[in-house]
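One rule links them: number in this note's numbering = place in the sequence shown (from 1) + 1464.
For glycine and all other residues, C-beta sits at the position ideal for the given N, C-alpha and C.
All values derive from a computational prediction rather than experimental measurement.
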Amino acid sequence: MKSDITDPWSGTDVPQISNNKCENFFEDSFVVNQTQHTRLTDSEEYLEKLYSRLRILQKGTSKKDLITSLYVAKEDSIARLITSGCKLETEEDTELVSNPLIRHIAPHLQALTASELVHLLKADVLQIINESEQQKEID
């Protein structure tokens, strides 16, 4: 198959860049003729903060510091637990898995919590006892 389109890369001439002079800027730089870098006004403060953090890290921690930090963390977590206002659920108040069909057909027989299930089971046992007593009376 012959094509009329010629290779687009064959006819381009790439000029060689001379490495005589190393240029330390971008071709489309917005700053013209600036050879020295200027520091920011707060660079000394920033460096001082970094050096202080480095001194703290190099200093290390003692056993006493570790114990006090653990004590503070423990107190903070206890305070968070107390003030969080989260309501702890008892086992009786946890919701049970319910069958949607039984809940629709006979909602009075479907327990939503464990405490309701206890009452339903008591009623069920009483019903069985009553039925057995009625059978005895009939016989």
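CB of residue i within 7 angstroms of CB of residue j, strictly
{"i": "ALA1578", "j": "LEU1584", "result": "no"}
Range covered by the alpha helix (DSSP H) that runs through residue i
{"i": "GLN1574", "result": "Per DSSP, GLN1574 belongs to no alpha helix (DSSP H) and is neither H nor E."}
{"i": "LEU1565", "result": "1564-1569"}
Nearest residue (CA-CA) to residue i, options the options
{"i": "GLU1580", "options": "LEU1560, HIS1568, GLN1598", "result": "LEU1560"}
{"i": "ALA1587", "options": "LYS1513, HIS1572, ASP1506", "result": "HIS1572"}
Contact with chain D by residue i, beta-carbon distance below 7 angstroms
{"i": "LEU1511", "result": "You won't find chain D in this structure, because it holds only one protein chain."}
Through-space distance from residue j to residue i, alpha-carbon basis
{"i": "ILE1593", "j": "GLU1539", "result": "56 angstroms"}
Taking only runs that begin and end inside the segment 1496-1532, name each unbroken alpha helix (DSSP H) of 4 or more residues, in chain order.
Whole alpha helix (DSSP H) segments, 4+ residues: 1507-1523.
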